[in-house]
Amino acid sequence: MTDPKYFTTNKKREIFELKAELNNEKKEKRKEAGKKVIAAMTVGKDVSSLFPDVVNCMQTDNLELKKLVYHYLMNYDCEDPDPLIRALTVRTMGCIRVDKITEYLCEPLCKCLKDEDPYVWKTAAVCVGAVKNNLDVFYFSWLIPLNVLFVEDGKMEHQVFLATSKDIPNENELQFQVKECHFNADTVSSKFQNNNVYTIAKRNVEGQDMLYQSLKLTNGIWILAELRIQPGNPNYTLSLKCRAPEVSQYIYQVYNSVLKN
């Protein structure tokens, strides 16, 4: 990339030529064009019009070319003033299924998860689930607030909740203690609903409030929760049940965080 030829272009024809080269049938031509685009960005030239052409280059099995696409996206369009471009960029990032690149997506993804535009951060949340399939989505759990991965349609019908609970093996149920909490059951329900965790039912058994809740992750995993609140006792008992019990520890961390704020 330090080769001077990548930095010396005819300004008048530069964009036109780059567009043609990025769409060339030959892989080597597209790779060379990608290097020229990155070089142009490095010296501050506007190559925003090449966005669709650069993204199209992602349809390749060439690792170097995919890395060039990634650098273009990360260093340019994640900062674009147009929220639609930012959202499209982060969604494209999620499709670059290359292990050597995935670990570098954390920073731009986290930035987009905190974007002021709801469309951008919702797209980023979905992207997190796409980047790392199934349980590996929690690769990001220490860098972002995990509750952004809870989708809005995570409320189960009462009968579905009961049937699902019976269907999931009992050995998948894990129990945790959430300490030093001082909210009543109604306040707890309200706080969690704001984070897409829904109370399906509420019971009072021998003076103890029991909340039955459901939530759904962007990768489709359902979590069933039972939260026991004893008046006067600052320690709540949380039981979590799902088909992938490995995620329960992370869900507990979310509960602990929400109940402490």
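Each position in the sequence shown, counted from 1, maps to that position plus 1365 in the working numbering. For every residue, glycine included, the Cβ atom is placed at its ideal position computed from N, Cα and C.
Assigned exposure category for residue i - 16 Cβ within 10 Å defines buried
| i | result |
| --- | --- |
| residue 1473 | buried |
| residue 1555 | exposed |
| residue 1457 | buried |
| residue 1484 | exposed |
| residue 1489 | buried |
| residue 1428 | exposed |
| residue 1401 | buried |
| residue 1578 | buried |
| residue 1478 | buried |
| residue 1449 | exposed |
| residue 1399 | buried |
| residue 1613 | buried |
| residue 1552 | exposed |
| residue 1611 | exposed |
| residue 1451 | buried |
| residue 1408 | exposed |
| residue 1431 | buried |
| residue 1404 | buried |
| residue 1606 | buried |
| residue 1340 | Nothing in the structure corresponds to residue 1340, since the chain is present only between 1366 and 1626. |
| residue 1626 | exposed |
Cβ pair residue i, residue j closer than 9 Å
| i | j | result |
| --- | --- | --- |
| residue 1515 | residue 1433 | no |
| residue 1580 | residue 1540 | no |
| residue 1574 | residue 1549 | yes |
| residue 1415 | residue 1384 | yes |
| residue 1599 | residue 1544 | yes |
| residue 1665 | residue 1608 | There is simply no residue 1665 to check, as the chain begins at 1366 and stops at 1626 in what is shown. |
| residue 1526 | residue 1576 | no |
| residue 1406 | residue 1437 | yes |
| residue 1519 | residue 1561 | yes |
| residue 1601 | residue 1542 | yes |
| residue 1382 | residue 1410 | no |
Beta strand (DSSP E) segment containing residue i, residue limits
| i | result |
| --- | --- |
| residue 1344 | A query on residue 1344 cannot be resolved here, the shown segment of the chain reaching from 1366 to 1626 and no further. |
| residue 1567 | 1563-1570 |
| residue 1543 | 1538-1543 |
Assigned secondary structure, residue i (DSSP; H/G/I helix, E/B strand, else coil)
| i | result |
| --- | --- |
| residue 1575 | strand |
| residue 1557 | helix |
| residue 1373 | For residue 1373, the predicted structure reports a pLDDT of 48, less than 50, and the residue's modelled location is therefore unreliable. The matter cannot be settled from this model. |
| residue 1503 | Its pLDDT being 46, under 50, residue 1503 is placed unreliably by the model, and the measurement read from it follows with that caveat. DSSP places residue 1503 in helix when its eight states are reduced to three. |
| residue 1593 | strand |
| residue 1381 | helix |
| residue 1416 | helix |
| residue 1401 | helix |
| residue 1581 | strand |
| residue 1586 | coil |
First and last residue of the uninterrupted alpha helix (DSSP H) at residue i
| i | result |
| --- | --- |
| residue 1603 | It is not in any alpha helix (DSSP H) - residue 1603 instead sits in the beta strand (DSSP E) that spans 1601-1606. |
| residue 1618 | 1613-1624 |
If contact is defined by three or more beta carbon pairs under 8 Å, each pair taking one atom from either stretch, is the stretch 1379-1393 in contact with the stretch 1416-1425? A contact exists between the stretch 1416-1425 and the stretch 1379-1393.
Are the stretch 1554-1569 and the stretch 1613-1626 in contact at 8 Å, needing three or more beta carbon pairs? Because the criterion of three Cβ pairs below 8 Å is met, the stretch 1554-1569 and the stretch 1613-1626 touch.
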